[in-house]
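Scroll down for the structure; my scribbles are underneath it.
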Ligand SMILES: *[C@@H]1O[C@H](CO)[C@@H](O)[C@H](O)[C@H]1NC(C)=O
Ligand SMILES: [Ca+2]
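In mature numbering (1 follows the signal peptide of the UniProt record, and there is no 0), the protein residues as written are -46 to -1, 1 to 315.
So, in structure tokens, the structure goes:
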């Protein structure tokens, strides 16, 4: 049976067999009812009283414990800056790179990470970039080409990609994008790697993506949230970006095996095109779910990340639609074969007629 999450304030209430509600949520509800639902009304104190909020993996205003020293709870890297209302991973300027990493490894089995973020800048439609990534990985503080972080990472990467590299490249080559495979940007996707997979930046990670969805997240006046939930090896990503205080499904993949003891982080990069990539808060909740003895056995700790039944890029490649050239060649040779068969047929028929005429005379 699937769990049925219900949105309550900024928290989940869960209904399902073997699941207790994550939090009573009543206090929050009451507070919301009393205060109405204007902006900035997120009960600031409420989350602090939540026994399941993990402060050591969370980050919120006024960002105490964020710094560049090795003893900070959250470590800044590159161009990332602490401001009063947000942490700016990159400013709206070319060729910037910034990251923010949790120093404490996470040993929780079931968790939920809520990311309150803001992406905004001067760039008009699709003239902005590149987006940001949220990480749960073995290594931390490793700069690199994947949204400012290292490639061939070990763990989970969730990408909020605001620039369609693949589409732009195809446009430049005057090739038309076949609508069946087109992804509309900004686009959220997820990838799990044991270190052997490389993120294909030119194709926006298409060959390795577990799933994804379109997410119009730029230059909005309301708050935007993304939640990553990992429960009983099921990875779910949902968005609240329409200002309606509702979670919308984005990615839902079962059989995702993630080791414990990895680090949460977030990183961003700008290139020729840029945006402000701001993190307002990161809140990690421990989720308590009950497991049957069979599930306990099934969900034993793993030492390398993997995804059950994941299609490898080699497997998916031949399934891509035929290119224009291939289609042309097939039609062309079919026609040639048909004409050839017709000519042979006419010749044989004429010969046969000649012979039957000879027999009559
Ligand atoms: C790592 O992942 C790749 C691709 O998913 C897979 O082929 C390989 O067997 C994995 N390696 C290990 C040690 O599990
Ligand atoms: Ca991209």
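Note that the Cβ used here is the ideal one computed from N, Cα and C, for glycine as well. Treat the numbers as computed from the prediction; the structure is a model and nothing was measured.
Whole-angstrom distance between residue j and residue i, CA atom to CA atom
i, j, result
"residue 158", "residue 303", "59 Å"
"residue 218", "residue 11", "7 Å"
"residue 161", "residue 167", "15 Å"
"residue 90", "residue 212", "9 Å"
"residue 104", "residue 19", "24 Å"
"residue 189", "residue 34", "28 Å"
"residue 298", "residue 278", "30 Å"
"residue 256", "residue 202", "30 Å"
"residue 84", "residue 164", "20 Å"
"residue 25", "residue 72", "27 Å"
"residue 124", "residue 136", "11 Å"
"residue 88", "residue 238", "13 Å"
"residue 54", "residue 48", "19 Å"
"residue 224", "residue 204", "24 Å"
"residue 233", "residue 17", "11 Å"
"residue 319", "residue 254", "Any property of residue 319 remains undetermined from this structure, which presents the chain solely from -46 to 315."
"residue 307", "residue 294", "20 Å"
"residue -3", "residue 182", "The predicted position of residue -3 is uncertain, since its pLDDT is 36 and thus under 50; a value taken from the coordinates is nonetheless stated next. Roughly 21 Å between the two C-alpha positions."
"residue 250", "residue 151", "29 Å"
"residue 243", "residue 283", "57 Å"
"residue 281", "residue 292", "17 Å"
"residue 171", "residue 290", "52 Å"
"residue 305", "residue 126", "57 Å"
Candidates the options, of which the one nearest residue i by Cα
i, options, result
"residue 113", "197, 122, 155 and 76", "155"
"residue 186", "55, 240 and 36", "240"
"residue 52", "247, 15, 231 and 72", "231"
"residue 122", "54, 79, 100 and 44", "79"
"residue 99", "257, 153, 76 and 63", "153"
"residue 64", "107, 8, 54 and 195", "8"
"residue 74", "94, 61, 43 and 138", "43"
"residue 76", "250, 86, 56 and 45", "45"
"residue 146", "139, 111, 306 and 115", "111"
"residue 258", "56, 15 and 107", "107"
"residue 40", "126, 31, 229 and 14", "14"
"residue 50", "56, 36, 57 and 32", "32"
"residue 173", "197, 182 and 184", "197"
"residue 214", "193, 200 and 184", "184"
Local Cβ density within 10 Å of residue i, reported as buried at 16 or more and exposed below that
i, result
"residue 69", "buried"
"residue -24", "Residue confidence is low: residue -24 scores 42 on pLDDT, short of 50, so the model does not pin down where it sits. Its coordinate-derived value is still stated next. Flag for residue -24 reads buried."
"residue -9", "Summary for residue -9: the model assigns pLDDT 36, below 50, so the residue's position carries little reliability; its value from the coordinates is reported in the next sentence. By the 10 Å Cβ count, residue -9 comes out exposed."
"residue 22", "exposed"
"residue 38", "exposed"
"residue 61", "exposed"
"residue 220", "buried"
"residue 247", "exposed"
"residue 175", "exposed"
"residue 102", "buried"
"residue 120", "buried"
"residue 285", "exposed"
"residue 142", "buried"
"residue 139", "buried"
"residue 169", "buried"
"residue 296", "exposed"
"residue 193", "buried"
Proximity below 8 Å, CB of residue i to CB of residue j
i, j, result
"residue 109", "residue 92", "yes"
"residue 209", "residue 263", "yes"
"residue 216", "residue 59", "yes"
"residue 81", "residue 180", "no"
"residue 178", "residue 95", "no"
"residue 67", "residue 236", "yes"
"residue 144", "residue 195", "no"
"residue 288", "residue 86", "no"
"residue 206", "residue 116", "no"
Identity of the residues DSSP links to residue i by a beta bridge
i, result
"residue 42", "35 and 232"
"residue 237", "68"
"residue 147", "109"
"residue 56", "28"
"residue 61", "Answer by DSSP bridge pairing: none, since residue 61 is not bridged."
"residue 87", "113 and 221"
"residue 310", "Its beta-bridge partners do not exist; DSSP assigns none."
"residue 316", "Outside the displayed span of the chain (-46 to 315) sits residue 316, for which this structure offers no information."
"residue 136", "Residue 136 is not bridged to any residue."
"residue 227", "None; residue 227 has no bridge partner."
"residue 141", "115 and 168"
"residue 99", "None; residue 99 has no bridge partner."
"residue 74", "230"
"residue 260", "211"
"residue 21", "29"
Heavy atom of ligand 4 within 7 Å of residue i beta-carbon
i, result
"residue 296", "With respect to small molecules bound, the structure shown includes ligand 1 and ligand 2 and not ligand 4."
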